[in-house]
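Asker: Residue numbers (the numbering used here): 83 to 163. C-beta atoms are modelled at their ideal positions from N, C-alpha and C, and glycine is treated no differently. I have a structure I would like to understand better, so I am pasting it below and will then ask my questions one at a time.
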């Protein structure tokens, strides 16, 4: 399972996270949870809520769905060290 950022194109919180991903030069797949009905369904049914940005990433204990732009950015900075 890979890292995926669920986002809306025009969402300012998503823009903030995208800028940080670029700054850290990380390769994270992006999906538009507004335009892509299948991804929207996944975000709601498996992620638990229809909220963006949401970073989905695998751990040893399973998949984590991380919400809130500041929490995502803090997490990404720790990973990039």
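Should residue 146 go down as buried or exposed, given a rule of 16 or more other Cβ atoms within 10 Å for buried?
Answerer: Your numbering for residue 146 matches position 64 in the chain shown. Its Cβ having fewer than 16 others within 10 Å, residue 146 is exposed.
Asker: Output the boundary residues of the alpha helix (DSSP H) element that contains residue 102.
Answerer: Position 20 of the chain shown, counted from the first residue, corresponds to residue 102. Where residue 102 is concerned, the enclosing alpha helix (DSSP H) stretches over 94 to 105.
Asker: Please classify residue 162: is it buried, with 16 or more other beta-carbons within 10 angstroms of its beta-carbon, or exposed?
Answerer: Here the question's residue 162 lines up with position 80 in the chain shown. Exposed, by the Cβ-count rule.
Asker: Within a Cβ cutoff of 6 Å, which residues of the same chain sit near residue 103, ignoring the five residues on either side of it in sequence?
Answerer: Working through the chain shown from its first residue, we reach residue 103 at position 21. Same-chain partners within the cutoff: 110.
Asker: Considering only residues of the same chain and omitting the five flanking positions on each side of residue 139, which have a CB-CB separation below 6 Å?
Answerer: Taking the first residue of the chain shown as position 1, residue 139 is located at position 57. Hits under 6 Å: 85, 146.
Asker: Give the straight-line distance between the Cα atoms of residue 96 and residue 144, rounded to the nearest whole angstrom.
Answerer: Within the chain shown, the letter at position 14 stands for residue 96. Within the chain shown, the letter at position 62 stands for residue 144. Distance between the alpha carbons of residue 96 and residue 144 is about 24 Å.
Asker: Between residue 130 and the rest of its own chain, which residues show a CB-CB distance below 7 Å, the 5 nearest in sequence each way excluded?
Answerer: As a first step, residue 130 is located in the chain shown; it is residue number 48 there, counting from the start. Excluding positions up to five away in sequence, the list reads 147.
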